[in-house]
Amino acid sequence: MLKRLAIFTVIAVIGIVLACGESDDTVTDPQGANAIVDEANDSLANVLFELVNQDSVSSPDEIDFTAVNQLYKDALELDPDNLDANFGAGLTELLMVFVDPQVNATFDEWEAFLDTASIFEPPGGGLAKDLNNPAELFSISPAILSSYSAGVFKMALVDPPMISSIQDLVENEVFPRVAYAIEKLEVVAENPSYTFIITPHMQGDDTEDPIEIDLTEVYVAIAQLYAMKSIGNIFISYDFDIASYDSVGLEEMIDQNSDFLGLRTGGAAAMGDVKSSFLTAVANLGFAITFLRAETDNQVDDLIRIGPDDIDEADLDSLENHLPDFLDILNDSYELTEDFNDDGVDETISISIGAIFDDPISNIKQKLPPYTSHVVRDTSWYTYWEYHPDSGWYEIE
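If you want our numbering, it's the 1-based position in the sequence shown plus 3.
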């Protein structure tokens, strides 16, 4: 018995020692963090100055905030409560999407494809014939038929990029950065006295006046990020892939039983997040209006301000009064009264937009009456094609 008790005692002591060893011994360095933030702000100003004064941006990776972003994150390592570091890290994290390797690879892939392929146009020029009509088929000159066949073969060789490649980018690359930015800006939003100065150098012109950012702008930024999430989730919820960007792909796409406009894997969850993100965006827009109305400092240098040359008081009243309507429309149903069937009598229907997101449609095309489809050339443009051989349209019957 004593031996067993001794063993238990030893185990307990070891557990206590290990627990003590796992205690949080992180040492903050607010002064060191401030020094790095100053460096980060100077670096941010230089990047913005060069970007504003750059003639053009030909590739996303020319917008590079990597060094600035890392400096703000280094400051957060020394002091997680540093507000400028939170603000700067949140702001630049979103801009880091431009130098993301996968983003640039996808950009290059689509750019190359669009430079070499014609989407939903007849390959090889203006063949103004209905290929389902044998009489018209045999009236085609050998030269045109040869050109058309070569064009079809060329399109078949192309491995077209899919819309899902962009959807994957939004889900896997953009959304995590949006979440990080929201997290950092919400830390800032807990401090009503916070301000950040946009220096003249940051504006790209050293003769400009400084501009102050306060919680009005922070709340608006958070609202925009949640709105971005809402719109992005709609985009990633449904299948928009097309097997090929020609008449064959078009016909397969609009077939009522195709996957096009059907929910993707995880699409139902994404649609649910559309609603919650939009509601949060509306709430933060309300916070911004409340903060703006309550500001007592000199507003002359504020980015967002009320005044005859800025935000009109009446417009602000109207927006504030309609914010609850957005919440009601998504959370409840509302009634719409119109003469829908043109019989001279108004009818009232109840609409519940929120239900679209709570219980999303599995395939939008299947909500249409049963149909079949066929894609042919629009021969009404034949005369036009004679003079514009590189143009063409498809018609869906």
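Beta carbons are placed, not taken as given, at the ideal position from N, Cα and C, and that holds for glycine.
In the displayed model, Val348 falls within coil according to three-state DSSP, outside both helix and strand.
For Ser353, DSSP records a beta bridge to Glu338.
Between Leu81 and Asp32, the gap from beta carbon to beta carbon is short of 7 Å.
In the structure shown, Ile307 adopts coil according to DSSP, grouped into three states. Here Pro213 is exposed. Its C-beta has fewer than 16 other C-beta atoms within 10 Å.
A residue is called buried when at least 16 other Cβ atoms come within 10 angstroms of its Cβ; Leu339 does not meet this threshold and is exposed. Counting the other CB atoms within 10 Å of its CB gives Thr95 a total of 16 or more, which places it among the buried residues.
Of the candidates Ser240, Asp335, Asp328, the residue whose Cα lies closest to the Cα of Pro363 is Ser240. Contact between Ala36 and Gly91 fails: their C-beta atoms lie close to 11 Å from each other, not under 8 Å. Beta-bridge pairing by DSSP links Gly265 to Asn366. Here Ala88 is not near Leu98, since their CB atoms are 7 Å or more apart.
In the structure shown, Tyr222 adopts helical secondary structure according to DSSP, grouped into three states. In terms of Cα proximity to Ala284, the closest of Asn236, Ser250, Ala224, Asp249 is Ala224. When Val191, Ile200, Gly252, Asp318 are compared, the shortest CA-CA separation from Gly93 is found for Val191.
Between Ile185 and Phe199, the C-beta gap is not smaller than 7 Å, which leaves the two residues out of contact. By the Cβ neighbour-count rule, Ile292 is buried, with 16 or more other Cβ atoms within 10 Å of its own. A straight line joining the alpha-carbon of Val379 with that of Glu254 spans about 9 Å. In this structure, DSSP gives Ile245 a state outside helix and strand, which the three-state scheme calls coil. The continuous stretches of beta strand (DSSP E) do not include Glu186, which lies in the alpha helix (DSSP H) extending over residues 178 to 192. With a beta-carbon spacing of about 5 Å, Phe116 and Pro164 fall inside the 8 Å limit used to define contacts. A distance below 7 Å between beta-carbons, with the five flanking residues on each side excluded, links Trp113 to the following residues of its chain, in chain order: Pro164.
Note on Gly252: 16 or more other CB atoms within 10 angstroms of its CB, so buried under the neighbour-count rule. Just so you know, the alpha carbons of Asp103 and Ile314 end up roughly 36 Å apart.
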